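Okay, structure first, notes after.
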Ligand code: NAD
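In my numbering, the protein residues as written are 427 to 676.
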């Protein structure tokens, strides 16, 4: 098993790629904290893992809340003894509103996608230092690298922030044995908060720009996250891994 003995927090693990990652981590031997605002769905993911003989616990987390982050990291260490892996996956979509210059949406995107990831790094680092090292995987996007029509400018900006925050943290904490990398999914199943990106016409148009000619699956992103989180990626830090069917290669 590829994560035997590891303790991981996965944010936004109540649904989508976070849930797929949490399940995959548990199958590879990790003890997994399912951290999300959605209590019912989050508890259900944790229960499925436990029923399948894995180790998981739901902890309620709003990633924008500093005190909540501290409490969840402390509770993880108290429950499982340490913290080895953090997946900063929680996020909101850039197509929730039509107006790509809406100011309230800019603030919300920066708060959840940007500040949420920053706070995760802030509170994971001391716990990982105490554990002798660790691995942080941040969910950016193809939108963190290039611009797109009909997606709020703040989504691209927030995912761009995640991309360079990742490199900054990799440089600053490499000496502590902490690796920090970013994952950049392309066209995946729509997010809970998706508007335009859930529209079949928009998706068909986007698909034309995907060399592999299909959208990706949550498990395909989970596989990439697993690799970066595991010791197999022991000499990889500050890297960005595209899981986009070749979208950014065109
Ligand atoms: P999703 O909407 O299915 O899941 C996101 C999860 O984050 C939800 O469970 C939600 O409750 C949680 N969340 C939102 N705000 C939160 C907060 N303040 N505190 C705690 N949890 C919160 O979306 P997904 O498709 O699984 O996306 C996962 C990540 O991948 C996101 O960061 C997203 O931006 C990124 N991404 C998605 C796509 C895509 O096409 N789906 C593409 C590229 C990148």
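Beta carbons: idealized from backbone N, C-alpha and C, even for Gly. Since the model is a prediction, treat every value here as computed from it, not as a measurement.
Item, Value
"Residue 556 to residue 508 span [Cα, whole Å]", "8 Å"
"Under the three-state DSSP convention, the category residue 561 falls into", "strand"
"Cα-Cα separation, residue 644 to residue 577", "21 Å"
"Contact under 8 Å by Cβ, residue 659 with residue 605", "yes"
"Outcome for residue 450 when other beta-carbon atoms lying within 10 angstroms are tallied against a minimum of 16", "buried"
"Distance between residue 654 and residue 536 (C-alpha atoms, nearest Å)", "25 Å"
"Rounded straight-line distance, which links the Cα of residue 552 to that of residue 615", "34 Å"
"Sheet register partners of residue 678 (DSSP bridge)", "Outside the displayed span of the chain (427 to 676) sits residue 678, for which this structure offers no information."
"Between the CA atoms of residue 672 and residue 525 - distance to the nearest angstrom", "28 Å"
"Contact under 8 Å by Cβ, residue 448 with residue 433", "no"
"Proximity of residue 607 and residue 676 at Cβ, strictly below 8 Å", "no"
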